[in-house]
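Structure record follows, encoded as structure tokens.
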Amino acid sequence: TIGYSQRQRRIIESLGLRKLNHTVVHESSPSIMGMLKKVGHLVEVRERE
Numbered sequence: 014t015i016g017y018s019q020r021q022r023r024i025i026e027s028l029g030l031r032k033l034n035h036t037v038v039h040e041s042s043p044s045i046m047g048m049l050k051k052v053g054h055l056v057e058v059r060e061r062e
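Taking the working numbering, I'd label the letters of the sequence shown as residues 14 to 62.
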């Protein structure tokens, strides 16, 4: 997250993303969806099969 705002860095950390190409699984909730909306340009989101 070099070159991005401190707010975006905190959101990425709170989502549990630590390293490049790291994968995490979260239940869909309004707070998670709001965070993903803020950093959508930095992450890839997929529904679990």
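The beta carbon of each residue, even a glycine, is placed where N, CA and C say it ideally should be.
In whole angstroms, give me the CA-to-CA distance for residue i and residue j.
i: Ser-41; j: Lys-50; result: 13 Å
i: Ile-24; j: Arg-31; result: 11 Å
i: Arg-61; j: Tyr-17; result: 28 Å
In its own chain, which residues sit with a C-beta less than 8 Å from the C-beta of residue i, not counting the 5 before and 5 after it?
i: His-39; result: Leu-28, Gly-29 and Ile-45
i: Met-48; result: Ile-24, Ser-27 and Leu-28
Let me know if residue i comes out buried or exposed under the rule of 16 or more other beta-carbons within 10 Å of its beta-carbon.
i: Ile-15; result: exposed
i: Val-58; result: exposed
i: Val-37; result: exposed
Which same chain residues end up closer than 7 Å to residue i when comparing Cβ atoms and leaving out the 5 residues on each side of it in sequence?
i: His-35; result: none
Residue i and residue j: beta carbons closer than 8 Å?
i: Gln-21; j: Leu-55; result: yes
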